[in-house]
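Visitor: One structure follows; several queries about it will come next.
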């Protein structure tokens, strides 16, 4: 395989610096979902930890390296989950953390970032505006910028999920991964292609935020206009070329799903798995719902990547 | 310590026969709950597994022993979680499983028991009627009866949670345990008293189903009239003397909580922890809500013991 920017040896080593609370997360068959989906389904659950998303794996790695190099401060743009995780990891290592987010980000995520002691700067506009502002803050203040999916630590931290999947018995036919900036997909994909190449790596993105998926199919960066999705965690418009290059090497497919399928997936995960998931974490189930023939009789794993929701919004989605 | 019926060596050995999918469950600090509860709170999460409750630990142990002794069938009474777990464990070992349950049990639990291939027999009346009927089935059919909390495997399986808590860093000041028949409380309590005696073991039961708590305080079996609680998993009326004897040795306290506190606890666990829990699993949070002064400034663990709910009933409880 032509090389991604990721390194399997470094990914194995990352397990030693990531707080164990983020590692070896539940992986289990969820038969109650199966009649509705027409295939065998396993859940890889990344929400039962102090920050309720997989992002702690990457921020633990990044914050460890920063602290080891003597950094005292770090800034990131975030839709909420990266910022919360970086606030958690930074606090434990004495780092001053600044998070830049869109004013329209999920309130529960912003509340947690503040509660963890990070400085939170809100900007008008969407996640791309937050990225621009975070870069400016880094430049003006001379603070290290942690860029999700571009900084390889964010990908290699997420990739530790791949180690846990590759080591699982029984193995799987396909893994469904939420696609946003690409850290999760390139991370998990890299490890699976290295250690379990028979597993199909399928990325899933909302139709309303399709930039990376369109880029993957075009094999070049395609930017898009305003995003229209409830899946705030994957709502980027400007894919990063280096991340796309990696994704082209490790993803077998990238598909787009409708909003109503995301909501149906959230409801199924509540009703049949007892799981509260944020919209991004329902993308895998949504993908099966939209293409049951493709998955019929196969065994898929869906990575339930985050569970940070505003409770009332959540109840509005699933209660209808 | 005067001896319970449980044995710490057997409990350690039990880890070798319990499917790993039930072991080493998430244990993590949940700071978002803390402002509302006034103390440090950690979650021990027993819902992220194929049967969505801790009962698999005990049924794995029991079914292993049955299979090893050549049994081919087993019957149990269940409010739903034990039956689902026994159906799961029995299926994997070729055991014919019969579950007797009240017709008024949670539908989602009954559906899962059927889906797992067990024979389900429904009876009029409450859980005590199901217990009587299961005993009769065992007698007439010559089938082994698995009695929750009385058969020591059910306690020693649950006790493996105690091993995971006793080995945790940092340690805790108190552990809050749902109290029903007593398997969970005597199991976890036994191990903590043996390995971490400084931890306060507090059992929590609904005011509407207080039999075991009243028995613990009276130091003799007290039976009660009809139960009135949404916490179906802990709704017994006739405590077992042998289980009470064990509980008297390992519990530091047993408290009763109101229905509105259980609902408030479920809502808090949804809103601040992103967890769907059944009413029994919110008893610990309810206990803190009702006696904040007792826990102020301390670090408590609450065992989130089950997450099997009817989705619409659940949304009715937490959506109000």
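Chains as they are written, first to last, in my numbering: chain A, 7 to 326; chain P, 7 to 326.
Glycine is no exception: its CB is placed at the ideal position from the N, C-alpha and C atoms.
May I ask you to report which of helix, strand or coil DSSP gives residue 182 (chain A)?
Guide: By 1-based counting over the first chain, the position of residue 182 (chain A) is 176. DSSP places residue 182 (chain A) in strand when its eight states are reduced to three.
Visitor: Starting from residue 56 (chain P), find everything on chain A with Cβ-Cβ shorter than 8 Å and list it in chain order.
Guide: Within the second chain, the letter at position 50 stands for residue 56 (chain P). Here the neighbours are 34, 35, 36, 37.
Visitor: Mapping the DSSP letters down to three states, classify residue 122 (chain A) as helix, strand or coil.
Guide: Translated into positions along the first chain, residue 122 (chain A) becomes position 116. Residue 122 (chain A) falls in the coil class under three-state DSSP.
Visitor: Contact check, residue 263 (chain A) vs residue 315 (chain A) under 8 Å by CB: the rounded distance?
Guide: Counting from one through the first chain, the residue named residue 263 (chain A) turns up at place 257. Counting from one through the first chain, the residue named residue 315 (chain A) turns up at place 309. The pair is not a contact, with the Cβ atoms about 18 Å apart (cut-off 8 Å).
Visitor: Can a CB atom of chain A be found closer than 8 Å to the CB of residue 87 (chain P)?
Guide: By one-based count along the second chain, residue 87 (chain P) stands at place 81. No, residue 87 (chain P) does not count as interfacial toward chain A.
Visitor: Under 8 Å between the Cβ atoms of residue 211 (chain P) and residue 185 (chain P)?
Guide: Residue 211 (chain P) sits at position 205 when you count from the first residue of the second chain. Residue 185 (chain P) sits at position 179 when you count from the first residue of the second chain. Closer than 8 Å, so yes.
Visitor: Between residue 159 (chain P) and chain A, is any beta-carbon pair separated by less than 8 Å?
Guide: Start at 1 with the first residue of the second chain, and residue 159 (chain P) comes out as number 153. Closer than 8 Å: no.
Visitor: Of all the beta strand (DSSP E) runs that stay within the bounds of the segment 182-249 of chain P, which reach a length of 3 or more residues?
Guide: You should have 206-212.
Visitor: Quick one, are the C-beta atoms of residue 20 (chain P) and residue 235 (chain P) less than 8 Å apart?
Guide: Here residue 20 (chain P) refers to the residue found at position 14 of the second chain. Here residue 235 (chain P) refers to the residue found at position 229 of the second chain. Not closer than 8 Å, so no.
Visitor: How many angstroms separate the CA atom of residue 29 (chain P) from the CA atom of residue 271 (chain P)?
Guide: By one-based count along the second chain, residue 29 (chain P) stands at place 23. By one-based count along the second chain, residue 271 (chain P) stands at place 265. Roughly 25 Å between the two C-alpha positions.
Visitor: Would you please state the rounded distance, in angstroms, between the beta carbons of residue 307 (chain A) and residue 178 (chain A)? I believe it to be under 8 Å.
Guide: Here residue 307 (chain A) is taken as the residue at index 301 of the first chain, counted from 1. Here residue 178 (chain A) is taken as the residue at index 172 of the first chain, counted from 1. So it is a contact: roughly 5 Å between Cβ atoms.
Visitor: Just the Cα atoms here: how many angstroms apart are residue 74 (chain A) and residue 109 (chain A)?
Guide: Position 68 of the first chain, counted from the start, is the residue given in the question as residue 74 (chain A). Position 103 of the first chain, counted from the start, is the residue given in the question as residue 109 (chain A). Distance between the alpha carbons of residue 74 (chain A) and residue 109 (chain A): 33 Å.
Visitor: List, in chain order, every chain B residue whose beta-carbon is nearer than 8 Å to that of residue 325 (chain P).
Guide: Looking for chain B here will not work: the only protein chains present are A and P.
Visitor: Can you grab the Cα-Cα spacing for the pair residue 62 (chain A) / residue 243 (chain P), in whole Å?
Guide: Residue mapping note: residue 62 (chain A) aligns to position 56 of the first chain, counting from 1. Residue mapping note: residue 243 (chain P) aligns to position 237 of the second chain, counting from 1. Their Cα atoms are separated by approximately 45 Å.
Visitor: Whose Cβ in chain P lies nearer than 9 Å to the Cβ of residue 98 (chain A)?
Guide: Position 92 of the first chain, counted from the start, is the residue given in the question as residue 98 (chain A). By Cβ distance, chain P contributes nothing, its closest Cβ being about 11 Å from residue 98 (chain A), past 9 Å.
Visitor: With a cut-off of 8 Å on the beta carbons, I'd call residue 52 (chain A) and residue 291 (chain A) a contact; round off their distance for me.
Guide: If you number the first chain from 1, residue 52 (chain A) lands on position 46. If you number the first chain from 1, residue 291 (chain A) lands on position 285. Contact flag wrong, Cβ pair sits at about 15 Å.
Visitor: Give every residue of the same chain whose Cβ lies closer than 8 Å to the Cβ of residue 150 (chain P), excluding the five residues on either side of it in the sequence, and list them in chain order.
Guide: The residue given as residue 150 (chain P) occupies position 144 in the second chain. Cβ within range, chain order: 72, 77, 79, 80, 81, 144.
Visitor: Using the Cα positions of residue 157 (chain P) and residue 192 (chain P), report the straight-line distance between them to the nearest angstrom.
Guide: Taking the second chain and counting its residues from 1, the one referred to as residue 157 (chain P) is at position 151. Taking the second chain and counting its residues from 1, the one referred to as residue 192 (chain P) is at position 186. Straight-line Cα distance between these residues: approximately 12 Å.
Visitor: Looking only at its own chain, which residues have a Cβ that is under 6 Å from the Cβ of residue 294 (chain A), when we skip the five neighbours before and after it?
Guide: Sequence index remark: in the first chain, residue 294 (chain A) carries index 288 (1-based). Correct list, in chain order: 43, 301.
Visitor: Looking at residue 32 (chain P) and residue 54 (chain P), is the spacing between their C-beta atoms short of 8 Å?
Guide: As a working note, residue 54 (chain P) is residue 48 in the second chain. As a working note, residue 32 (chain P) is residue 26 in the second chain. Their beta carbons are under 8 Å apart, which means residue 54 (chain P) touches residue 32 (chain P) by this criterion.
Visitor: Taking 8 Å as the threshold (C-beta atoms), are residue 171 (chain P) and residue 190 (chain P) in contact?
Guide: Within the second chain, numbered from 1, the residue matching residue 190 (chain P) stands at position 184. Within the second chain, numbered from 1, the residue matching residue 171 (chain P) stands at position 165. Taking 8 Å as the Cβ cut-off, residue 190 (chain P) and residue 171 (chain P) do not qualify as a contacting pair.
Visitor: For residue 207 (chain A), return the contacting residues in chain P, with the cut-off set at a CB-CB distance below 7 Å.
Guide: Taking the first residue of the first chain as 1, we reach residue 207 (chain A) at position 201. The contacting residues do not exist; residue 207 (chain A) stays about 24 Å from chain P at best.
Visitor: The beta strand (DSSP E) spanning residue 49 (chain A) covers which residue range?
Guide: Within the first chain, numbered from 1, the residue matching residue 49 (chain A) stands at position 43. Its beta strand (DSSP E) spans residues 46-51.
Visitor: Tell me the DSSP secondary structure of residue 155 (chain P) in three-state form.
Guide: Translated into positions along the second chain, residue 155 (chain P) becomes position 149. Coil.
Visitor: Buried or exposed: where does residue 288 (chain A) fall if 16 or more other Cβ atoms within 10 Å of its Cβ makes it buried?
Guide: As a working note, residue 288 (chain A) is residue 282 in the first chain. Classification for residue 288 (chain A): buried.
Visitor: Within its chain, find whatever has a CB closer than 7 Å to the CB of residue 279 (chain P); leave out the 5 residues flanking it on each side and keep chain order.
Guide: Numbered from 1 along the second chain, position 273 holds the residue referred to as residue 279 (chain P). The residues are 36, 38, 39, 49.
Visitor: Which residues of chain P have a Cβ atom closer than 9 Å to the Cβ of residue 47 (chain A), listed in chain order?
Guide: The residue you call residue 47 (chain A) lines up with position 41 of the first chain. The contacting residues do not exist; residue 47 (chain A) stays about 11 Å from chain P at best.
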